[in-house]
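In the working numbering, the protein residues as written are -8 to 355.
Glycine residues also receive a C-beta, built at the ideal position from the N, C-alpha and C atoms.
All of these numbers come straight from a predicted model, not from anything done at the bench.
For reference, the structure discussed in these notes is given below.
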Ligand code: NAD
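Have a look at this one:
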């Protein structure tokens, strides 16, 4: 996995926090275990800030801060637009997971999470496993995404993939007038947890598949399993396809790639796909490409974790995830009516719900 977006010019901390409009940013340090973590709490108007912890060998602290700010704001929008009573938060632990991860470090981190008294609920993200969540759980109850054997909701990826598939169908309906993906050529970038489950849905519906992955053997294995064509990492952008599905990393929609894309629809599960929302969102509209907002269509995993937090069922989570189809169509219509672009319309919709519910809570 790679960072969601490269940092260009690091600004002072408060300047960045103010730009993203965070409520609180918590720096956690422990000399004994080498823990260096940042917890970003973006907005808690709708509920406790929920979002995973990512462990990554950031080149600089500024890069780690930038990542946690972007990711936690994304969680606020994701929860809000999905109708969940959750705020947005995220944590990053700085360091190479293969070198620094230990039970002691994770438990120390768990104690920092516990100190926030439920204002932040953590879960899995890049380089974290359900086993790691078990260690964190030893120090705090404010953790979700636990294994099913511990009463948790288990792996969120199948639910994320289902929501992404629903969002893709809605975007196809907008672009082609039909949501059938039979015979549609789809390029999937990244065949990890979510990508693989997504391929299952697409194969079942009779889509023609092209795929790539950072790990060649993973790409070939998926190609043989799903009757797909495997292509090189960079070749994925030049494919003659109807739909491009980014399911690996962020910022893959940028000045270099957008001009190469031949697709009419972009719909994938990766977070922060647009390198620059304000430039690349409108650019996709100008090119006649229907973009399904990432935080809207990849919300299935969060919906699944929310079910765990609220004690509701996986079936309920799946039913709610299915609604991503309708939400996507609504946002795409709204963007068209506003003369804006889908990402901007989705953000506005999320912000409106936060503002409206904030007023409901304004009186005792
Ligand atoms: P994963 O690590 O299992 O899979 C990612 C895959 O992408 C890996 O197979 C990796 O080898 C591949 N990859 C990395 N760099 C690549 C590149 N340059 N080109 C092609 N392939 C590359 O992760 P995942 O859980 O499947 O998540 C995929 C994306 O979806 C991530 O951006 C994640 O943040 C986002 N997401 C995941 C969930 C979830 O439920 N897992 C929920 C919401 C969002």
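Within the same chain, Cβ atoms closer than 6 Å to the Cβ of residue 114 are found at 43, 135, 136 and 296, the five residues on either side in sequence being excluded. Residue 169 sits in coil when the DSSP states are folded into three classes, being neither helix nor strand. Its Cα nearest to that of residue 45, the residue 86 stands out among 38, 17 and 86. Collapsing the DSSP output to three states places residue 280 in coil. With fewer than 16 other beta carbons inside 10 angstroms of its own, residue 142 counts as exposed. The DSSP-derived three-state label of residue 232 is coil. The Cβ-Cβ distance between residue 281 and residue 275 falls below 9 Å. DSSP places residue 146 in no alpha helix (DSSP H); its state is neither H nor E. Taking every residue with its beta carbon within less than 6 Å of a heavy atom belonging to ligand 1 gives, in chain order, -8, -7, 147, 148, 151, 180, 181, 182, 183, 184, 185, 186, 203, 204, 205, 206, 209, 224, 238, 239, 240, 260, 261, 262, 289 and 292.
DSSP, reduced to helix, strand and coil, places residue 24 outside both helices and strands of the structure shown, so it counts as coil. Counting the other CB atoms within 10 Å of its CB gives residue 3 a total below 16, which places it among the exposed residues. A distance below 7 Å between beta-carbons, with the five flanking residues on each side excluded, links residue 277 to no residue of its chain.
Positions of the alpha helix (DSSP H) runs, each at least 4 residues long and wholly inside the stretch 72 to 153, are given as 88 to 91, 94 to 106 and 121 to 128 in order along the chain.
Inter-residue distance for residue 159 and residue 152 is about 10 Å (C-alpha atoms, whole angstroms).
DSSP places residue 295 in the helix class (H, G or I) of the three-state scheme. In this structure, residue 241 lies away from residue 179, with their beta-carbon atoms at least 9 Å apart. A check of alpha carbon separations from residue 161 across 333, 340 and 344 identifies 333 as the nearest. Per DSSP, the continuous beta strand (DSSP E) segment holding residue 199 begins and ends at 199 to 203. In the assembly as shown, residue 316 is a buried residue. Its beta-carbon has 16 or more other beta-carbons within 10 Å. Taking a contact as a CB-CB distance under 8 Å, the pair residue 156 and residue 200 does not count as one, their CB atoms being some 13 Å apart.
Residue 225 counts as exposed, since fewer than 16 other beta carbons sit within 10 angstroms of its beta carbon. Taking a C-beta distance under 9 Å as the contact criterion, residue 69 and residue 341 qualify as a contact pair. Counting the other CB atoms within 10 Å of its CB gives residue 9 a total below 16, which places it among the exposed residues. Take residue 11, set aside five residues on each side of it, and the residues of its chain with a beta-carbon closer than 6 Å to its own are 60 and 64, in chain order. Judged by beta-carbon spacing, residue 257 lies within the 9 Å limit of residue 234, meaning their Cβ atoms are closer than that value.
Here residue 129 is exposed. Its C-beta has fewer than 16 other C-beta atoms within 10 Å. The beta-carbon separation of residue 29 and residue 82, rounded to 7 Å, stays under the 8 Å limit for a contact.
Below 8 Å, enough C-beta pairs join the stretch 13 to 26 and the stretch 92 to 109 to call them touching: three or more. The beta carbon of residue 307 lies closer than 7 Å to those of 298 in the same chain, with the five residues before and after it left out. Inter-residue distance for residue 31 and residue 112 is about 11 Å (C-alpha atoms, whole angstroms). Among the bridge pairs identified by DSSP, residue 288 is matched with none. The C-alpha of residue 50 lies about 12 Å from the C-alpha of residue 84. Beta-bridge partners assigned by DSSP to residue 265: 244.
Non-local beta-carbon contacts of residue 110 in its own chain, meaning distances under 7 Å to residues more than five positions away in sequence, involve 32, 35, 39 and 40 in chain order. The straight-line gap separating the alpha-carbon atoms of residue 119 and residue 218 is approximately 31 Å.
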